[in-house]
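K.L.:
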Amino acid sequence: MIRVHDTLTGKIVDLEPARPGRISMYVCGPTVYNQIHIGNARSMVWFDMIRRYLRYRGFEVMYVQNYTDVDDKIIERANLEGIAAEAVANKYEHAYELVMGALGAEQPDILVRATQHIEDMVAAIKGLIDRGMAYESGGNVWFSVEAFPGYGKLSNRSLDDMRAGERIEPSEHKRNPLDFALWKSAKEEEPSWPSPWGPGRPGWHIECSVMSTKYLGMGFDIHGGGSDLIFPHHENEIAQAEGLMGSEPFARNWLHAGMVQMEAEKMSKSLGNFVLTAEIVERFDPEAVRYWALMGSYRSQVTFSEATLNDATQAHSRWATFLTAARHALGDDAPTDLVTHRPVDAAEGEPLPQYVARAVEGLDDDFNSAAAFAAIHDLVREANRSIEGAQLNEPEAKKTLSGLLEQFLELTHLFGFTFPRTTEGTEILGALVEYLLELREDARKDKSFDRADAIRARLIEIGVAVEDTPAGPRWRIADNG
RNA sequence: GGCGGCGUGGCCGAGUGGUUUAGGCAAGGGCCUGCAAAGCCCUGUACAGCGGUUCGAUUCCGCUCGCCGCCUCCA
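In the working numbering, the protein residues as written are 55 to 535.
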């Protein structure tokens, strides 16, 4: 049984899908008005990981993610750049896909855009008005928070609490200052769509209520996003969906990722204190960035620092180095297939391999990746010991190492690591390096260590690290220096 | 002010009512090596503070201090 932290109840609960064996999940994606920062990326990498894990555990996962491609910021940006709002959205969608791809995130099963669901939203808004949950005023439509008794249940606050906050400016059009926009009338030159209330565009929150239920149905299994979306965004989504359908729940489990901080402050596009993901992916190995994103609990907030990114790089390269070492030691006996599924309901009697079992135990518990990483590191230590000690010509020892390597590949693949640098390059590169190493071995045999060291030094400059072992030299792609 | 969370060894970061160490990074010592690199072994005696519950608390409760998030667009 997989257990997850559910924001609505505030508890760790058993993940019980509405339909056995299937998980439907919806994750709030970016508003595409500029590039994503590393905080956005961490969150999305985590939901990618959650999806991968659920699939690994045997669920058939339907993963829907949205692009908010119409909103004030996009319009602002379009005016600034002198291009159409649509062009702005397209541009940053591409940028998003590029950088998330680099981080090893898989494409959602369904990618939805607000602008492609305007009619659905108009219909939903009409329905809300009909049900007395919303009202029109001057071309705008507002959701009436007082009409939805459950308002505040996700973020655990009451209307009274919020009023005390005093931070929301009352609008003459609103009956209650906390009422939020379902439909905004368009000003001149703004992108707009026809509606019964005049030309305009949807409010931000309605798109997610409409698109999630359209593709996944009411009562889908997991709704995810950053913790900053709890209020008002997700609170409003619940109000809209449940208000419209007259039933609950909108979503069965709410998962929220912790924020990335800059120093002692939240990284935020509006604060301007962000680090672009594209820049980080440029400067660090993308897999190391993924390691960084996944090394702590998804719920924790983390402070961004290059030092931590460097730690992650080192830790990740320990795995990469092990992979080449193990392959070198095993040669043709290295495993090629890897296990990609460990269903929760798998037949009893077939215990999981040791380290896989540890990782699964951790991950079943609200995706405790740190426990799983620890298991992988312990696995690597044991395997390195066996490479070291190693009479690897003994079949028994080889078999042990091979088994460990299988577990390693299974687990790292589960986390989305493929270690491209260990297999990077063409056969020609490999052949060239092998040839140089032959020359170097000749030199070493002649005790011409100067020559041998010169070759090694040159190779490391180029980015190829050479390590001598009793079984001959091995090499790997490495940072130079 | 309301709601939520956090404070673990130099840093990052799990976890637990007690007897055996999370893990990683960094540091020091050692082994291995022609020299390296990689790896392996060893070392550091951590749980903000103060009370309480308990035979026993880092782990439960209360308080104090400090920090952060949400309450406005935001992953």
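Note that CB positions come from ideal geometry on N, CA and C, so glycine has one too.
Computed from a predicted model, the values in this text were never measured in an experiment.
If I measure Cβ to Cβ from Y117 and keep anything under 6 Å in the same chain, skipping five residues before and after, which residues do I get?
P.N.:
Here residue 117 refers to the residue found at position 63 when the first sequence is read from its first residue. Once the five neighbours on either side are set aside, the close Cβ partners of Y117 are M79, R105, P162 and D163.
K.L.:
Per the contact definition of three or more C-beta pairs closer than 8 Å, is the stretch 190-206 in contact with the stretch 264-282?
P.N.:
Result no; under three Cβ-Cβ pairs closer than 8 Å.
K.L.:
Do the CB positions of V142 and I128 come within less than 8 Å of each other?
P.N.:
Residue numbering aside, residue 142 sits at position 88 when the first sequence is read from its first letter. Residue numbering aside, residue 128 sits at position 74 when the first sequence is read from its first letter. Yes; because the gap between Cβ atoms is below 8 Å, this pair is in contact.
K.L.:
Is the stretch 298-317 touching the stretch 331-345 in the sense that three or more CB pairs, one from each, lie closer than 8 Å?
P.N.:
With the cut-off at 8 Å, the stretch 331-345 and the stretch 298-317 do not touch.
K.L.:
Take every Cβ of the stretch 448-467, pair it with every Cβ of the stretch 374-394, and state whether three or more of those distances are shorter than 8 Å.
P.N.:
A contact exists between the stretch 448-467 and the stretch 374-394.
K.L.:
Let me know if R73 comes out buried or exposed under the rule of 16 or more other beta-carbons within 10 Å of its beta-carbon.
P.N.:
Within the first sequence, numbered from 1, the residue matching residue 73 stands at position 19. Counting Cβ neighbours within 10 Å, R73 comes out exposed, since fewer than 16 surround it.
K.L.:
If I'm right that M216 touches L236 with Cβ under 8 Å, what's the distance once you round it to whole angstroms?
P.N.:
Taking the first residue of the first sequence as 1, we reach residue 216 at position 162. Taking the first residue of the first sequence as 1, we reach residue 236 at position 182. Not confirmed; about 19 Å, so no contact.
K.L.:
Is H395 helix, strand or coil when you go by DSSP?
P.N.:
For the purposes of this step, residue 395 is taken as residue 341 along the first sequence, with counting starting at 1. Residue state, collapsed to three classes: coil.
K.L.:
Only counting the same chain, and skipping five residues up and downstream in sequence, which positions put a Cβ closer than 8 Å to that of H227?
P.N.:
Taking the first residue of the first sequence as position 1, residue 227 is located at position 173. Correct list, in chain order: S191, G192, N194 and W196.
K.L.:
Answer yes or no: do T472 and Y110 have a C-beta to C-beta separation smaller than 8 Å?
P.N.:
Stepping through the first sequence from its first residue, residue 472 is reached at position 418. Stepping through the first sequence from its first residue, residue 110 is reached at position 56. Against a cut-off of 8 Å, the Cβ pair of Y110 and T472 comes out as no contact.
K.L.:
Would you call the CB atoms of R255 and K238 closer than 8 Å?
P.N.:
Locating residue 255 in the first sequence gives position 201, where the first residue counts as 1. Locating residue 238 in the first sequence gives position 184, where the first residue counts as 1. Yes, these two residues count as a Cβ contact at 8 Å.
K.L.:
State the Cα-Cα distance for the pair R96 and D68, rounded to the nearest angstrom.
P.N.:
Translated into the one-based positions of the first sequence, residue 96 becomes position 42. Translated into the one-based positions of the first sequence, residue 68 becomes position 14. Straight-line Cα distance between these residues: approximately 25 Å.
K.L.:
Run the CB neighbour count on L62, radius 10 Å, all protein chains shown included, and call it buried at 16 or more, exposed below.
P.N.:
To locate residue 62, count along the first sequence from 1; it is residue 8. Flag for L62 reads buried.
K.L.:
For H277, which of helix, strand or coil comes out of DSSP?
P.N.:
Within the first sequence, numbered from 1, the residue matching residue 277 stands at position 223. Here H277 sits in strand by DSSP.
K.L.:
Can you say whether G535 is buried or exposed, counting buried as having 16 or more other CB atoms within 10 angstroms of its CB?
P.N.:
Your numbering for residue 535 matches position 481 in the first sequence. Note on G535: pLDDT 42, under 50, position unreliable in the model; the coordinate value appears next. With fewer than 16 Cβ atoms within 10 Å of its Cβ, G535 is classed as exposed.
K.L.:
If I'm right that L468 touches Y107 with Cβ under 8 Å, what's the distance once you round it to whole angstroms?
P.N.:
As a working note, residue 468 is residue 414 in the first sequence. As a working note, residue 107 is residue 53 in the first sequence. At roughly 7 Å, the Cβ-Cβ gap stays under 8 Å, so L468 and Y107 are in contact.
K.L.:
Take V356 as the anchor and find which of L330, L406, E302 and E319 has the nearest alpha-carbon.
P.N.:
Walking along the first sequence from the start, residue 356 turns up at place 302. Residue E319 is the option with its Cα nearest to V356.
K.L.:
Between which two residues does the alpha helix (DSSP H) holding I260 run?
P.N.:
The count along the first sequence starts at 1 and reaches residue 260 at position 206. Where I260 is concerned, the enclosing alpha helix (DSSP H) stretches over W258 to L270.
K.L.:
Can the beta-carbon of R528 be found closer than 8 Å to that of A374?
P.N.:
For this step, residue 528 is matched to residue 474 along the first sequence. For this step, residue 374 is matched to residue 320 along the first sequence. Contact flag unset, no.
K.L.:
Return the CA-CA distance between M187 and L298, expressed in angstroms with no decimal places.
P.N.:
Counting from 1 along the first sequence, the entry for residue 187 is found at position 133. Counting from 1 along the first sequence, the entry for residue 298 is found at position 244. So the alpha carbons of these two residues sit roughly 8 Å apart.
K.L.:
Taking the alpha-carbon of L182 as reference, which of F234, A138 and R131 has the nearest alpha-carbon?
P.N.:
Counting from one through the first sequence, the residue named residue 182 turns up at place 128. For L182, the nearest C-alpha among the options comes from F234.
K.L.:
Would E289 and E296 qualify as a contact pair, given that the criterion is a beta-carbon distance under 8 Å?
P.N.:
Start at 1 with the first residue of the first sequence, and residue 289 comes out as number 235. Start at 1 with the first residue of the first sequence, and residue 296 comes out as number 242. No.
K.L.:
Please state whether the Cβ-Cβ distance between L465 and A426 is less than 8 Å.
P.N.:
Residue mapping note: residue 465 aligns to position 411 of the first sequence, counting from 1. Residue mapping note: residue 426 aligns to position 372 of the first sequence, counting from 1. Yes, Cβ-Cβ distance for L465 and A426 is below 8 Å.
K.L.:
Between the Cα of A379 and those of N307, I334, T122 and E442, spot the shortest distance and give me the residue it belongs to.
P.N.:
As a first step, residue 379 is located in the first sequence; it is residue number 325 there, counting from the start. Residue E442 is the option with its Cα nearest to A379.
K.L.:
Any contact of the stretch 241-261 with the stretch 144-162, i.e. 3+ C-beta pairs under 8 Å?
P.N.:
Contact between the stretch 241-261 and the stretch 144-162 is absent, because fewer than three Cβ pairs lie under 8 Å.
K.L.:
Does the Cβ of G280 have 16 or more other Cβ atoms within 10 Å, making it buried, or fewer, making it exposed?
P.N.:
By one-based count along the first sequence, residue 280 stands at place 226. Classification for G280: buried.
K.L.:
Do you know whose CA, among L157, V166, G158 and D500, lies nearest V124's CA?
P.N.:
Indexing the first sequence from 1 puts residue 124 at position 70. With distances taken between Cα atoms, V124 lies closest to V166.
K.L.:
What do you get for S324, buried or exposed, if any count of 16 or more other CB atoms within 10 angstroms of its CB means buried?
P.N.:
Residue mapping note: residue 324 aligns to position 270 of the first sequence, counting from 1. Exposed, by the Cβ-count rule.
K.L.:
Look at the Cβ atom of A168, then the Cβ atom of P245, and state whether they are nearer than 8 Å.
P.N.:
On the first sequence, position 114 is the one that residue 168 refers to. On the first sequence, position 191 is the one that residue 245 refers to. Contact flag unset, no.
K.L.:
Using the Cα positions of F462 and L433, report the straight-line distance between them to the nearest angstrom.
P.N.:
Working through the first sequence from its first residue, we reach residue 462 at position 408. Working through the first sequence from its first residue, we reach residue 433 at position 379. Taking the straight line from one Cα to the other gives about 7 Å.
K.L.:
Can the beta-carbon of A429 be found closer than 8 Å to that of R412?
P.N.:
One-based indexing of the first sequence puts residue 429 at position 375. One-based indexing of the first sequence puts residue 412 at position 358. Cβ atoms of A429 and R412: closer than 8 Å.
K.L.:
For R76, which option in G64, R439, F113 and R505 has the closest C-alpha, if you only look at C-alpha atoms?
P.N.:
Locating residue 76 in the first sequence gives position 22, where the first residue counts as 1. Selected option, being the one with the closest Cα: F113.
K.L.:
I need the DSSP call for G535, collapsed to helix, strand or coil.
P.N.:
Taking the first residue of the first sequence as position 1, residue 535 is located at position 481. In this prediction, G535 has a pLDDT of 42, which is less than 50 and means its spatial position is unreliable; nothing more can be read from the coordinates.
K.L.:
Using a 10 Å radius around the Cβ and a threshold of 16 neighbouring Cβ atoms, would you call F202 buried or exposed?
P.N.:
Numbered from its first residue, the first sequence carries residue 202 at position 148. Label assigned to F202: buried.
K.L.:
In angstroms with no decimal places, state the Cα-to-Cα distance between D60 and K452.
P.N.:
Position 6 of the first sequence, counted from the first residue, corresponds to residue 60. Position 398 of the first sequence, counted from the first residue, corresponds to residue 452. Distance between the alpha carbons of D60 and K452 is about 45 Å.
K.L.:
Buried or exposed for P397, going by 16 or more other Cβ atoms inside 10 Å?
P.N.:
Along the first sequence, read from residue 1 onward, the residue named residue 397 stands at position 343. Counting Cβ neighbours within 10 Å, P397 comes out exposed, since fewer than 16 surround it.
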